[in-house]
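Peer 1: Residue numbers (my numbering): 255 to 550.
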Amino acid sequence: MRLRHIEVFHAIYTTGSVTAAAQLLHISQPAVSKALGHAEQQLGFALFKREKGKLLPTDEALALFPAVEQVYRQLHSVKALAQNIQRHDEGLIDLAITPALGFNVIPVAIARFNQHYPKVRFRLQTIHNDEAMQALVERDCELALLYASPSYPNVEAIELGSTEIKVLYPRETFASQPQSLTYADLSTQSLIAIWDSGPIGQLLWQQLNQAGVDTASIIQVDTYYIAARMVAQGLGCCTIDAISAQGNPDERIATASLEPPLQVPIRALHLAAKPLSKLSQAFLPFVQSALLEQQS
């Protein structure tokens with residue numbers, strides 16, 4: 255039996271007439287009769303017999319109906335799922351993010367998105383820039399949300415916003431608790447080095463070199479969270495993105511802006527050959543909104 259035959263058979267079986275079945279399926283009565291005839295011809299036996307103006311199932315139809323009912327329910331489930339996906343109500347968003355976005359931005363974005371699309375599932379993993387290309391090519395994620403991402407071949411980038419580089423310092427370091435520090439000011443402090451932490455560390459290193467500033471470092475780390483913990487212990491200052499700074503509050507730490515300020519772009523990457531799903535397209539504005547609030 256074809257799927258159309260199953261639908262017609264189920265409709266006649268449950269309603270008892272061709273007329274009611276046609277109304278239920280939103281097709282004409284002749285179309286129902288024609289589909290029923292085709293089904294009976296393929297099966298080699300009658301499915302209904304007419305008694306007192308009603309169509310009653312034959313013994314063969316009674317034996318067949320439980321299996322048809324199961325298939326019909328599965329077919330209805332597939333149709334409902336397809337409609338939900340079309341309305342962006344159901345599906346999976348597969349994300350890889352730079353760790354800093356996991357402090358607050360992405361949780362806030364997902365929570366708000368979930369209010370509008372409660373059936374959408376998320377798979378979330380943290381990733382560093384040098385792992386992004388491989389993750390995208392191997393379909394390990396659909397979207398990679400990164401700081402200062404380099405240009406990759408066959409990868410499209412969507413600008414989401416930016417974050418500012420800040421300086422964390424032990425409160426006891428400066429009696430005046432300055433709100434901003436120059437690059438030259440960093441040369442007078444023990445700086446916890448994070449040059450190998452990715453594009454932010456590299457960008458800052460370039461800025462220090464251009465300014466002709468030499469820094470002293472006795473500790474080198476590759477994670478902003480660890481750098482912030484070192485600052486809390488009074489071991490020096492560190493440069494850190496504003497989102498990570500807000501995600502590591504500590505009463506022993508003060509935060510200052512850099513002068514001149516240094517902004518780092520935040521982008522969403524996906525394969526050019528694989529356009530973003532409608533769900534992912536709908537999600538990105540929530541990320542942009544959460545980013546703006548984080549910086550306000």
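Heads up, the beta-carbon is just placed ideally off N, CA and C, and yes, glycines get one too.
Because the structure is a prediction, the values reported are computed rather than measured.
Could you name the residues of the same chain whose beta carbon sits closer than 6 Å to that of residue 397, not counting the 5 residues immediately before and after it, in chain order?
Peer 2: Result list for residue 397: 349, 522, 524 and 534, in chain order.
Peer 1: Whole angstroms is fine: what's the gap from residue 315's alpha carbon to residue 325's?
Peer 2: For residue 315 and residue 325, the distance between alpha carbons rounds to 15 Å.
Peer 1: Out of 301, 465 and 391, point me to the one whose CA is closest to residue 437's CA.
Peer 2: Among 301, 465 and 391, the Cα nearest to that of residue 437 belongs to 465.
Peer 1: My guess is that residue 448 and residue 481 are in contact by the Cβ rule of under 8 Å, so how many angstroms apart are they, rounded?
Peer 2: So it is a contact: roughly 5 Å between Cβ atoms.
Peer 1: Quick test of the definition: if touching needs 3 or more C-beta pairs under 8 Å, does the stretch 456-463 touch the stretch 526-533?
Peer 2: The answer is no - the stretch 526-533 does not touch the stretch 456-463, with fewer than three Cβ pairs under 8 Å.
Peer 1: Can you tell me whether residue 475 is buried or exposed? The criterion is at least 16 other CB atoms within 10 Å of its CB, across all chains shown.
Peer 2: Buried: at least 16 other Cβ atoms inside 10 Å.
Peer 1: For the putative contact between residue 517 and residue 413, defined by C-beta atoms under 8 Å, what is the C-beta separation to the nearest angstrom?
Peer 2: In fact, because the Cβ distance is near 12 Å, the residues do not count as touching under 8 Å.
Peer 1: Please name the residue, chosen from 519, 515 and 483, that lies closest to residue 507 on a Cα-to-Cα basis.
Peer 2: Of the candidates 519, 515 and 483, the one whose C-alpha sits nearest the C-alpha of residue 507 is 483.
Peer 1: Assign residue 384 to one of three DSSP states: helix, strand, or coil.
Peer 2: Helix at residue 384.
Peer 1: With a threshold of 6 Å on Cβ separation, who are the neighbours of residue 537 within its own chain once the five nearest residues in sequence on each side are excluded?
Peer 2: Excluding residues within five positions, the ones whose Cβ falls inside 6 Å are 347 and 367.
Peer 1: Go to residue 353, then tell me how far its alpha helix (DSSP H) extends in each direction, as first and last residue.
Peer 2: First-last for residue 353: undefined, no H or E at that position.
Peer 1: Residue 406 by DSSP, collapsed to three states: which one?
Peer 2: Residue 406: coil per DSSP, three-state reduction.
Peer 1: Checking 8 Å against the spacing of the C-beta atoms, do residue 423 and residue 485 come in under that value?
Peer 2: Closer than 8 Å, so yes.
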